[in-house]
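Have a look at the structure below before the remarks.
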Amino acid sequence: MRVHVADHPLVTHKLTVLRDETTPSPVFRALVEELMTLLAYEGTREVRVEPVDIVTPVAPTTGVRIADPKPLIVPILRAGLGMLEGMVKLLPSAEVGFLGMARNEETLEPTTYAERLPDDLSGRQCFVLDPMLATGGSLIAAIDFLLKRGATDVTAICILAAPEGLQAVEQAMAGRDVTVVLGSVDERLNEHGYIVPGLGDAGDRLYGTV
1 MRVHVADHPL VTHKLTVLRD ETTPSPVFRA LVEELMTLLA YEGTREVRVE PVDIVTPVAP
61 TTGVRIADPK PLIVPILRAG LGMLEGMVKL LPSAEVGFLG MARNEETLEP TTYAERLPDD
121 LSGRQCFVLD PMLATGGSLI AAIDFLLKRG ATDVTAICIL AAPEGLQAVE QAMAGRDVTV
181 VLGSVDERLN EHGYIVPGLG DAGDRLYGTV
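Note that the numbering used here gives residue 97 to position 97 of the sequence shown, counting from 1, and the numbers run on in steps of one.
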């Protein structure tokens with residue numbers, strides 16, 4: 001497993017505004033989309049391409065295009081939906097699937113309540129979108145779900161991670177073709193399983209619900 005933490009002043013700036021509890025939902029949503037595009041740029045460095053011959057206004061040349069089978073983008077519902085548009089803007093030829101996962105607030109264990117994915121993911125590159133890597137349970141379950149269906153490499157893109165959750169994912173995914181791209185690794189988890197300093201509940205802040 002590989003871990004990449006984005007080191008860019010624009011990422012840090014946008015994260016600072018996201019963390020601010022006074023940032024309203026419309027601004028929060030716009031910033032998540034912008035931040036996602038920056039993180040997606042890092043997360044797609046190894047996207048598979050194939051050569052293609054084209055003719056420019058000046059001369060023939062050879063370039064590349066996204067290879068088949070097309071990558072699959074999988075936001076984890078609901079908060080992952082806020083990251084989808086930023087990813088699709090960068091990778092418009094990708095297909096989109098969905099995983100609905102919720103965390104039991106007492107046990108902190110994830111449960112899958114919905115999925116819309118191809119039955120066979122053999123040979124597919126998959127990009128999992130989840131804003132918060134807290135305990136790591138949901139992300140581990142999502143990646144396992146994709147690998148069991150035949151995905152050959154998986155990249156997870158998260159805005160924030162706690163060290164405890166990142167360590168759990170690293171242990172669970174040891175020896176597997178998995179990459180985790182992060183905007184920041186924060187200090188710790190609190191007793192309720194929330195990232196500190198974090199930014200609160202990403203889903204609530206995206207959609208204005210409590």
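By construction, the Cβ of each residue, glycine as well, lies at the ideal position given by its N, Cα and C atoms.
In chain order, what residues of the same chain have a beta carbon less than 6 Å from the beta carbon of residue i, not counting five sequence neighbours either side?
| i | result |
| --- | --- |
| leucine 84 | Pro75 |
| glutamate 170 | Met1 |
If you check the beta carbons only, do residue i and residue j fall under 8 Å apart?
| i | j | result |
| --- | --- | --- |
| histidine 4 | threonine 179 | yes |
| glycine 203 | arginine 78 | yes |
| leucine 133 | glycine 86 | no |
| alanine 6 | leucine 182 | yes |
| phenylalanine 127 | glycine 43 | yes |
| proline 110 | serine 93 | no |
| cysteine 158 | proline 131 | yes |
| valine 47 | leucine 31 | no |
| isoleucine 140 | alanine 172 | yes |
Please list, in chain order, all residues of the same chain as residue i whose beta carbon is under 8 Å from its beta carbon, the five residues on each side excluded.
| i | result |
| --- | --- |
| valine 64 | Val49, Glu50, Pro51 and Val52 |
| leucine 10 | Leu38 |
| valine 55 | Thr61 |
| valine 196 | Ala162, Asp186, Glu187, Arg188, Leu189 and Asn190 |
Which partner residues does residue i have in the DSSP bridge list?
| i | result |
| --- | --- |
| isoleucine 195 | Leu189 |
| histidine 4 | Val181 |
| arginine 116 | Phe98 |
Cα-Cα, which of the options is closest to residue i?
| i | options | result |
| --- | --- | --- |
| leucine 280 | Ile143, His13 and Ala162 | Coverage of the chain is limited to positions 1 through 210, which leaves residue 280 absent and any answer about it impossible. |
| glycine 198 | Asp7, Leu15 and Thr112 | Leu15 |
| proline 69 | Gly150, Gly175 and Ile195 | Gly150 |
| valine 27 | Thr12, Gly82 and Val58 | Gly82 |
| arginine 124 | Ile73, Met173 and Thr135 | Ile73 |
What does a CB cutoff of less than 7 Å around residue i pick up in its chain, not counting 5 residues either side in sequence?
| i | result |
| --- | --- |
| arginine 116 | Gly97 and Phe98 |
| proline 163 | Val185 and Arg188 |
| lysine 89 | Thr37 |
| alanine 174 | Met1 |
Please specify which runs of the beta strand (DSSP E), each continuous and at least 3 residues long, are wholly inside the segment 38 to 111, giving them in chain order.
-> 49 to 55, 60 to 66, 72 to 77 and 98 to 103
Which runs of the beta strand (DSSP E) spanning at least 3 residues fall entirely within the segment 148 to 186, listed in chain order?
-> 153 to 161 and 178 to 185
Which ranges would you report for the beta strand (DSSP E) in the segment 120 to 152 if only whole runs of at least 3 residues count?
-> 125 to 129
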